[in-house]
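Just below is one structure, and these are the notes that go with it.
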Amino acid sequence: MPSRIAAPERLERWLPSALFAFGFALALLGGARLAGTPMFERDNVFFRSDTHRAFVDLAGARSEDHRRTSTHPVFVLLHNPLGQGLAQLFAAAGTQPELARRRASLALTAAAGGLAAALGFLLLRVLRVGVARAALFAAVLAASSSHWTFASIPETWIFSALALGAAALAAARPGGAEWRFQLAAVYAIAVVTTNLVPVAILALLRHVEGGAAGLAAVLRRAARSTALALVLVLGLALVQQALYPTTTLFFAPSSVTKETKWVKWSHWLERPATTVKILVRHLAFDNVVAPEATNQPHDGLAMASIEEAGRSHYRSRLGVLAVWIAVLAVAARGALRGALFRPPLLAALAILAFDFAFHSFFGNDRFLYSCGWTVFTVAAVAAAFEAGAPAGGRLGTAATALLALFLALQLASNWRFLGELAAAVGG
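Letter 420 of the sequence shown, counting from 1, is numbered 420 in this note's numbering, and no numbers are missing.
Here it is in structure tokens:
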């Protein structure tokens, strides 16, 4: 009997490592598929992303242009030493210097993708999702169009996904140490300034789960946690400026006003129905299984995008989308049973609501930001799915088989999506 009990426990201990390897391998394959694109030479190759900028931030020299620290406050300080170190190791092994830098940046984004999958599994276990389904949903997260894409190209967003997953895990664990949450919160804000709002929501969750007595105490402690994280990021930004002279301080007034150019009230004023449709797509469908990518030229150069995808762009995805809708139907059954009325899930829904509201007027290509919410989409669906068809019995077995089928179809569909991205920009 003890050996029968120990075997599942050993399996659960090994699953995070297996999921890390799964996510890491997917990103390496994705990076190889997109290697022929101009993503290292210029920005705006995919979804208006700053791939060249992020490549320089990850593996470039200290003296190169790191001005986008205006919105990614300490990204360079936290990642560039690792990227430069890896590039030197690759170069020492005989790799040409430029290729060594490219491989270093891919190794870092791939590692972030793998870690995000591993943390996703741990988060789902805290949310009381069974071991098998938690592993399957964590694999769905790694194979999602959002995580697979941004773990395969030089960009900041997969690191944001990793940070938010870590912060959510630290906040959802009752009685967890404050320093763990602070570490994740600092990292999240350091990667992108807008993570301040999800961090504040997760700080509220942490102190609710920590047993703070009364609303006033929860608000006070959450505000203190968030403020401390922000102050630490400010201090790190000053250190970064001393080491990287081209740093732009994120709290300078010019940094704040510069970002107002991405505020597009026309999304609501000129086409509100289309804006709602795009946001719902990106939060619930496209971030998990993307439609066909097409070339949407930007400044006269090829750029892959799915922002304006229409019905025709989903035709080749009808099978996998039908299965995902079936998964959502099971989750809806669980939601009607109250599965989402727990503090961690309410926090996830609040973050999704923030992203919906914020990106209704900020940004041009919403898929670019999708790593900021995909872990919360998957977490909400997984928890509700578990309640909608509890494991055991015919319904539970059928539901688990449905989820496994979706993962297989998702892998094939999103692999095709990566090929479409490359084709759209001539790669």
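Virtual Cβ for every residue (Gly too), placed ideally from N, Cα, C. Keep in mind it's a predicted model, so treat the numbers as computed, not measured.
Worksheet item: Between Val186, Thr149, Phe250, which lies nearest to Leu232 when the distance is taken from Cα to Cα?
Response: For the purposes of this step, residue 232 is identified with residue 232 of the sequence shown, where counting begins at 1. Checking every option, the nearest Cα to that of Leu232 belongs to Val186.
Fill in: Supposed contact pair Tyr244 and Arg62 - C-beta distance, whole angstroms, cut 8 Å
Taking the sequence shown and counting its residues from 1, the one referred to as residue 62 is at position 62. Taking the sequence shown and counting its residues from 1, the one referred to as residue 244 is at position 244. Between Tyr244 and Arg62 the Cβ distance is about 5 Å, and since that is below 8 Å, they are a contact.
Worksheet entry | Backbone CA spacing between Gly372 and Gly363 [nearest angstrom] | Taking the first residue of the sequence shown as position 1, residue 372 is located at position 372. Taking the first residue of the sequence shown as position 1, residue 363 is located at position 363. C-alpha separation (whole angstroms): 13 Å.
Worksheet item: First and last residue of the alpha helix (DSSP H) that includes Thr274?
Response: Position 274 of the sequence shown, counting from 1, holds the residue named residue 274. 272–284 is the extent of the alpha helix (DSSP H) around Thr274.
Worksheet item: Can you name the start and end residues of the alpha helix (DSSP H) that Tyr314 belongs to?
Response: In the sequence shown, counting from the first residue as 1, residue 314 sits at position 314. Neither: Tyr314 is in no alpha helix (DSSP H) and is coded neither H nor E.
Worksheet item: If you compare alpha carbons, which of Val197, His52, Ala326 is closest to Ala401?
Response: In the sequence shown, counting from the first residue as 1, residue 401 sits at position 401. Of the candidates Val197, His52, Ala326, the one whose C-alpha sits nearest the C-alpha of Ala401 is Ala326.
Discussion item. Alpha carbons only, please: which of Arg42, Leu19, Arg33 is nearest the one belonging to Met303?
Written reply: Against the sequence shown, residue 303 aligns to sequence position 303. The shortest C-alpha separation from Met303 is found at Arg42.
Fill in: Own chain residues within Cβ distance below 6 Å of Leu28, not counting five before or after
Position 28 of the sequence shown, counting from 1, holds the residue named residue 28. Excluding positions up to five away in sequence, the list reads Ala110.
Worksheet item: Relative to the C-alpha of Val288, which residue among Phe406, Arg67, Val192, Ala118 is closest?
Response: Indexing the sequence shown from 1 puts residue 288 at position 288. Nearest C-alpha to Val288: Phe406.
Fill in: Separation of Val239 from Ala104, as counted between CA atoms
For this step, residue 104 is matched to residue 104 along the sequence shown. For this step, residue 239 is matched to residue 239 along the sequence shown. Answer to the nearest angstrom: the Cα atoms are 24 Å apart.
Fill in: C-alpha distance - Ile5 paired with Ala139, whole-angstrom precision
On the sequence shown, position 5 is the one that residue 5 refers to. On the sequence shown, position 139 is the one that residue 139 refers to. Low per-residue confidence applies at Ile5: pLDDT is 48, beneath 50, and the placement is therefore not dependable enough to give any value.
Discussion item. Let me confirm a value: Val425 is counted as buried when at least 16 other C-beta atoms fall within 10 Å, else exposed. Which label applies?
Written reply: Within the sequence shown, residue 425 is the residue found at index 425, counting from 1. Val425 should be labelled buried.
Worksheet entry | Beta-carbon proximity of Phe385 to Gly334, cut-off 8 Å | The residue you call residue 385 lines up with position 385 of the sequence shown. The residue you call residue 334 lines up with position 334 of the sequence shown. In contact: Phe385 and Gly334 (Cβ atoms closer than 8 Å).
Worksheet item: Do the region 337–354 and the region 292–312 make contact, defined as three or more Cβ pairs closer than 8 Å?
Response: no
Worksheet entry | Distance between Thr374 and Ala404 (C-alpha atoms, nearest Å) | Locating residue 404 in the sequence shown gives position 404, counting from the first residue. Locating residue 374 in the sequence shown gives position 374, counting from the first residue. In a straight line, the C-alpha of Ala404 is about 19 Å away from that of Thr374.
Discussion item. Beta-carbon within less than 7 Å of Pro291's beta-carbon, same chain only, minus the 5 sequence neighbours each way: which residues are those?
Written reply: Position 291 of the sequence shown, counted from the first residue, corresponds to residue 291. Ile306, Ala309, His313, Tyr314, Arg317, listed in sequence order.
Worksheet item: Roughly how many angstroms separate the alpha carbons of Ala18 and Leu108, rounded to a whole number?
Response: Counted from its first residue, the sequence shown places residue 18 at position 18. Counted from its first residue, the sequence shown places residue 108 at position 108. Roughly 18 Å between the two C-alpha positions.
Worksheet item: Got a sec? Which residues, its chain only, sit under 7 Å from Leu202 by beta carbon, not counting five neighbours each side?
Response: On the sequence shown, residue 202 is found 202 positions in, with the first residue counted as 1. If we look at Leu202 and ignore the five residues flanking it on each side, its Cβ neighbours are Ala167, Ala168, Ala171, Ala347.
Practice prompt. Return the CA-CA distance between Asp57 and Trp268, expressed in angstroms with no decimal places.
Written response: In the sequence shown, counting from the first residue as 1, residue 57 sits at position 57. In the sequence shown, counting from the first residue as 1, residue 268 sits at position 268. Between Asp57 and Trp268, the C-alpha separation is close to 34 Å.
Fill in: Same chain only: Cβ atoms within 7 Å of Thr275, ignoring 5 sequence neighbours per side
Residue 275 sits at position 275 when you count from the first residue of the sequence shown. His267, Trp268, Ser360.
Item to complete: Could you spell out the range, first to last residue, of the alpha helix (DSSP H) harbouring Pro428?
Response: This structure gives no information on residue 428, because the portion of the chain shown stretches from 1 to 427.
Worksheet item: DSSP on Ser160, reduced to helix/strand/coil?
Response: Locating residue 160 in the sequence shown gives position 160, where the first residue counts as 1. It is helical.
Worksheet item: Hey, how far is the Cα of Pro2 from the Cα of Arg13?
Response: The count along the sequence shown starts at 1 and reaches residue 2 at position 2. The count along the sequence shown starts at 1 and reaches residue 13 at position 13. At Pro2, the pLDDT of 47 sits below 50, so the modelled position is not reliable and the matter cannot be decided from this model.
Discussion item. Could you give the first and the last residue of the continuous alpha helix (DSSP H) run that contains Ile189?
Written reply: Locating residue 189 in the sequence shown gives position 189, where the first residue counts as 1. 178–191 is the span of the alpha helix (DSSP H), which, as asked, contains Ile189.
Worksheet item: To the nearest whole angstrom, what separates the beta carbons of Leu115 and Ala379, a pair I think is in contact under 8 Å?
Response: Within the sequence shown, residue 115 is the residue found at index 115, counting from 1. Within the sequence shown, residue 379 is the residue found at index 379, counting from 1. Going by Cβ atoms, the distance from Leu115 to Ala379 rounds to 16 Å, so no, they are not a contact pair.
Worksheet item: Alpha carbon to alpha carbon, what distance is there between Arg53 and Ile153?
Response: Numbered from its first residue, the sequence shown carries residue 153 at position 153. Numbered from its first residue, the sequence shown carries residue 53 at position 53. Roughly 12 Å separates the two Cα atoms.
Discussion item. Given a cut-off of 8 Å on the beta-carbon distance, is the pair Phe75 and Ala112 in contact?
Written reply: By 1-based counting over the sequence shown, the position of residue 75 is 75. By 1-based counting over the sequence shown, the position of residue 112 is 112. Cβ atoms of Phe75 and Ala112: not closer than 8 Å.
Practice prompt. Output yes or no for whether 8 Å exceeds the beta carbon distance between Phe137 and Ala382.
Written response: Numbered from 1 along the sequence shown, position 137 holds the residue referred to as residue 137. Numbered from 1 along the sequence shown, position 382 holds the residue referred to as residue 382. Cβ atoms of Phe137 and Ala382: closer than 8 Å.
Item to complete: Leaving out five residues on either side along the sequence, give the residues of the same chain with a beta carbon under 6 Å from the beta carbon of Phe376.
Response: Sequence index remark: in the sequence shown, residue 376 carries index 376 (1-based). Counting only Cβ-Cβ distances below 6 Å, and skipping sequence neighbours, we find Ala348, Ile351, Leu352.
Worksheet item: How should Gly388 be labelled, buried or exposed, when 16 other C-beta atoms within 10 angstroms of its C-beta is the threshold for buried?
Response: The residue you call residue 388 lines up with position 388 of the sequence shown. By the neighbour-count rule (16 or more Cβ atoms within 10 Å), Gly388 is buried.
Worksheet item: Among residues of its own chain, excluding the 5 on either side of Arg33, which ones have a beta-carbon nearer than 7 Å to its beta-carbon?
Response: On the sequence shown, residue 33 is found 33 positions in, with the first residue counted as 1. Counting only Cβ-Cβ distances below 7 Å, and skipping sequence neighbours, we find Leu418, Gly419, Ala422.
Fill in: Residues of its chain near Pro16, where Cβ-Cβ distance is below 7 Å and the 5 sequence neighbours each way are ignored
Locating residue 16 in the sequence shown gives position 16, where the first residue counts as 1. Once the five neighbours on either side are set aside, the close Cβ partners of Pro16 are Ala118, Phe121, Leu122.
Item to complete: Would you mind stating whether Val199 and Ala188 have Cβ atoms separated by less than 8 Å?
Response: Taking the first residue of the sequence shown as position 1, residue 199 is located at position 199. Taking the first residue of the sequence shown as position 1, residue 188 is located at position 188. Result yes, Cβ atoms of Val199 and Ala188 sit closer than 8 Å.
Worksheet item: Apart from the five residues just before and just after Gly83, which ones in its own chain have a Cβ nearer than 7 Å to its Cβ?
Response: Within the sequence shown, numbered from 1, the residue matching residue 83 stands at position 83. The answer, listed in chain order, is Leu58, Ala59, Ala104, Ser105, Leu108.
Discussion item. Just list the residues that DSSP pairs His298 with in beta bridges.
Written reply: Translated into positions along the sequence shown, residue 298 becomes position 298. Leu301, per the DSSP bridge assignment.
Worksheet entry | Straight-line gap, Gln410 to Arg133 (C-alpha atoms, nearest Å) | Counted from its first residue, the sequence shown places residue 410 at position 410. Counted from its first residue, the sequence shown places residue 133 at position 133. Their Cα atoms are separated by approximately 16 Å.
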